[in-house]
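Single-structure report; data block below.
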Ligand SMILES: Cc1cc2nc3c(=O)[nH]c(=O)nc-3n(C[C@H](O)[C@H](O)[C@H](O)COP(=O)(O)OP(=O)(O)OC[C@H]3O[C@@H](n4cnc5c(N)ncnc54)[C@H](O)[C@@H]3O)c2cc1C
């Protein structure tokens with residue numbers, strides 16, 4: 016993984032000429048004067064771990080499981096939001112962990128947590144490192160040090176129950192490897208977020224991820240039927256039946272907990288047969304509102320396609336749904352992509368097509384759908400090129416009930432325009448439910464001299480607009496540290512107190528990813544506040 020950008024450095028994309036013209040003429044983007052620094056020039060805080068902790072850790076897991084070198088620390092610094100990338104490009108590694116620790120089993124994780132609690136060392140679980148909400152930036156607050164707990168060695172497919180269609184897998188598996196292992200049994204998870212190539216199963220569960228095929232396969236949290244969690248207070252083993260009336264569902268407390276209560280060390284997931292057929296197609300709608308109504312009809316009355324994605328007028332014009340042809344300004348109205356996977360694709364496609372047509376959709380055939388499917392993981396590479404060219408580009412997302420969506424859409428766009436002047440704001444709907452849907456915004460604007468402050472202002476404005484318009488602060492990116500305030504506004508003081516009480520019981524010394532979900536309290540944070 017590119018340490019200051021996205022993905023495979025060999026796949027770095029050059030900006031198409033159409034995009035360069037757009038940036039220059041429409042947004043006034045100019046090449047930045049500063050170049051990105053080299054890896055060895057990244058400035059890191061001096062290592063702070065107590066020597067006794069290092070010795071005991073090496074004795075526990077072996078010296079190979081403990082890395083203290085510059086490169087390992089850099090590669091485990093923060094995640095992949097635009098502010099994360101801007102800081103790394105500028106050589107700011109102040110959020111780096113002191114060491115990277117690689118356990119290989121649940122028992123290893125339990126032992127590391129006990130040791131960290133004894134030495135008051137903070138533990139940041141690290142899956143694929145693709146968090147975009149500050150989920151990996153260590154909150155050092157009074158801790159004796161910080162380790163990144165890299166889960167890459169927990170990478171096994173443990174068992175497959177084809178009768179129940181449940182597979183047990185370890186959390187450090189990246190999505191493509193998990194799919195490869197399951198494909199040997201003719202199975203799939205069906206979770207394909209845009210970060211698919213690098214993100215892990217543990218990260219999906221810990222941040223309540225949602226993939227591009229969520230209309231058909233569901234969100235990741237819908238797929239989790241059981242979890243094992245190592246906490247400083249012991250092991251939680253949750254989920255012994257498909258559904259249960261035995262009290263509140265504690266699995267839901269772990270899903271979305273982002274490492275604040277402990278480390279997920281195995282997952283039992285509902286799996287599906289590998290789809291025998293696939294087809295993707297495009298539809299044209301005269302307006303975003305018309306396309307949205309068509310999506311609502313499919314979500315409420317069916318039949319739901321596996322992939323359902325509608326770009327607004329601006330996103331359609333720029334061509335973001337087709338990263339291979341981006342910048343080839345075209346089209347009026349809105350592009351909808353529908354994908355069908357499974358058995359009997361043709362029948363579903365025909366039935367869904369009748370609903371789309373009844374709402375004013377015009378079929379565009381398979382070409383736009385195939386182009387979307389081909390370029391579906393390409394857009395993040397484009398972000399690196401845009402940043403290097405002097406544009407600030409970032410995404411944000413929310414969700415709301417159908418009746419609130421138009422207001423939410425207008426409010427976020429207005430807030431972004433107010434904060435940034437004349438940015439390009441694009442939006443799509445790509446996760447639908449009978450009761451509502453998510454909105455995913457992509458923003459491009461010319462970088463100012465301080466792009467971090469520029470984006471921080473825009474993000475504050477967008478967050479306030481989302482809260483005021485009744486949306487959730489995140490449909491699938493999570494809370495991390497970036498959304499803490501808005502999350503507190505969403506669940507209220509009592510809600511935050513409940514979460515704090517759970518943390519105090521499971522993690523009494525507050526070592527587990529301190530600072531995600533809510534601001535830490537207690538001696539560690541008091542020391543931080545003083546210092
Ligand atoms: C380019 C790009 C595209 C993206 N597209 C999508 C998308 O389409 N849909 C979507 O949902 N998200 C998307 N994301 C966000 C991100 O990929 C998801 O949040 C994903 O779930 C993170 O997985 P990860 O393995 O990288 O986790 P990490 O980033 O390593 O961790 C995420 C959080 O979970 C914690 N954590 C990780 N593993 C564990 C564990 N085993 N136990 C406890 N806590 C743990 C971490 O400490 C952190 O707080 C995207 C991100 C990028 C950069």
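In the numbering used here, the protein residues as written are 16 to 546. Glycine is no exception: its CB is placed at the ideal position from the N, C-alpha and C atoms.
Output the boundary residues of the beta strand (DSSP E) element that contains residue i.
i           : result
residue 417 : Neither: residue 417 is in no beta strand (DSSP E) and is coded neither H nor E.
residue 180 : Residue 180 -> no beta strand (DSSP E), and no H or E assigned at all.
residue 361 : Looking at the DSSP string, residue 361 is not in any beta strand (DSSP E); the run it does join, the alpha helix (DSSP H), is 360 to 373.
residue 43  : Careful: residue 43 lies outside any beta strand (DSSP E) and carries neither H nor E.
residue 356 : 349 to 357
residue 161 : 160 to 165
residue 137 : 136 to 141
residue 380 : 377 to 380
residue 443 : 439 to 444
residue 452 : 451 to 461
Taking the alpha helix (DSSP H) that residue i falls in, what are its first and last residues?
i           : result
residue 16  : Looking at the DSSP string, residue 16 is not in any alpha helix (DSSP H), and its letter there is neither H nor E.
residue 195 : 190 to 198
residue 303 : 303 to 316
residue 400 : 394 to 404
residue 73  : 66 to 76
residue 256 : Careful: residue 256 lies outside any alpha helix (DSSP H) and carries neither H nor E.
residue 36  : 32 to 36
residue 147 : Run containing residue 147: none; DSSP gives neither H nor E here.
residue 331 : 328 to 333
Between residue i and residue j, which are expected to be in contact by the criterion C-beta below 8 Å, what is the C-beta distance as a whole number of angstroms?
i           : j           : result
residue 163 : residue 115 : 5 Å
residue 399 : residue 20  : 4 Å
residue 42  : residue 406 : 7 Å
residue 170 : residue 143 : With a Cβ gap of about 12 Å, residue 170 and residue 143 do not count as contacting.
residue 381 : residue 296 : 5 Å
residue 156 : residue 63  : Wrong, their Cβ atoms sit about 13 Å apart, outside the cutoff.
residue 359 : residue 149 : Residue 359 to residue 149, Cβ: 44 Å. No contact.
residue 52  : residue 404 : Residue 52 to residue 404, Cβ: 18 Å. No contact.
residue 305 : residue 374 : 6 Å
residue 414 : residue 473 : In fact, because the Cβ distance is near 20 Å, the residues do not count as touching under 8 Å.
residue 214 : residue 190 : 6 Å
residue 98  : residue 470 : 6 Å
residue 265 : residue 181 : Between residue 181 and residue 265 the Cβ distance is about 18 Å, and since that is not below 8 Å, they are no contact.
residue 254 : residue 242 : 6 Å
residue 488 : residue 480 : So it is not a contact: roughly 11 Å between Cβ atoms.
residue 372 : residue 423 : Contact doesn't hold; Cβ gap of about 27 Å is too wide.
residue 348 : residue 302 : 6 Å
residue 145 : residue 262 : So it is not a contact: roughly 34 Å between Cβ atoms.
Does residue i come within less than 8 Å of chain D when only Cβ atoms are used?
i           : result
residue 301 : Going by chain labels, chain D is absent from the structure shown, which holds only one protein chain.
Stretch-stretch touch, CB-based, cutoff 8 Å, three pairs: the region 432 to 446 with the region 456 to 472: yes
Secondary structure, beta strand (DSSP E): runs of 3+ residues fully inside the region 85 to 131: Listed in chain order, they are 114 to 116.
At least 3 beta-carbon pairs within less than 8 Å: the region 314 to 325 vs the region 349 to 357: These segments touch.
Touching by the beta-carbon criterion (3+ pairs, under 8 Å), the region 200 to 218 and the region 389 to 397: yes
Any beta strand (DSSP E) of 3 or more consecutive residues that is wholly inside the region 464 to 522: none
Contained beta strand (DSSP E) runs [length at least 3] in the region 262 to 301, N- to C-terminal order: 278 to 285 and 292 to 300
The region 162 to 176 in contact with the region 119 to 139 per 3-pair CB rule at 8 Å: yes
Stretch-stretch touch, CB-based, cutoff 8 Å, three pairs: the region 426 to 433 with the region 357 to 374: no
Sequence ranges, alpha helix (DSSP H) only - wholly within the region 205 to 241, length at least 4: 216 to 221, 229 to 232 and 235 to 238
contact_flag[the region 76 to 94, the region 25 to 45] where n(CB pairs < 8 Å) is 3 or more: No: the two stretches stay apart, fewer than three of their Cβ pairs being nearer than 8 Å.
Three CB pairs or more closer than 8 Å across the region 243 to 252 and the region 300 to 312: no
Meets three-Cβ-pair contact criterion under 8 Å: the region 258 to 272 and the region 355 to 362: no
Inter-stretch contact at 8 Å, needing at least 3 Cβ pairs: the region 247 to 261 / the region 220 to 228: no
Stretch pair the region 67 to 84 + the region 129 to 137: three plus CB contacts closer than 8 Å: Counting Cβ pairs under 8 Å, three or more are found: they touch.
Three or more C-beta pairs below 8 Å linking the region 226 to 235 and the region 189 to 209: yes
Cβ contact (3+ pairs, closer than 8 Å) linking the region 276 to 292 and the region 185 to 200: Output reads yes: the region 185 to 200 touches the region 276 to 292.
Meets three-Cβ-pair contact criterion under 8 Å: the region 26 to 33 and the region 94 to 107: The region 26 to 33, when compared against the region 94 to 107, does not touch it at the 8 Å Cβ threshold.
Cβ contact (3+ pairs, closer than 8 Å) linking the region 515 to 522 and the region 445 to 452: no
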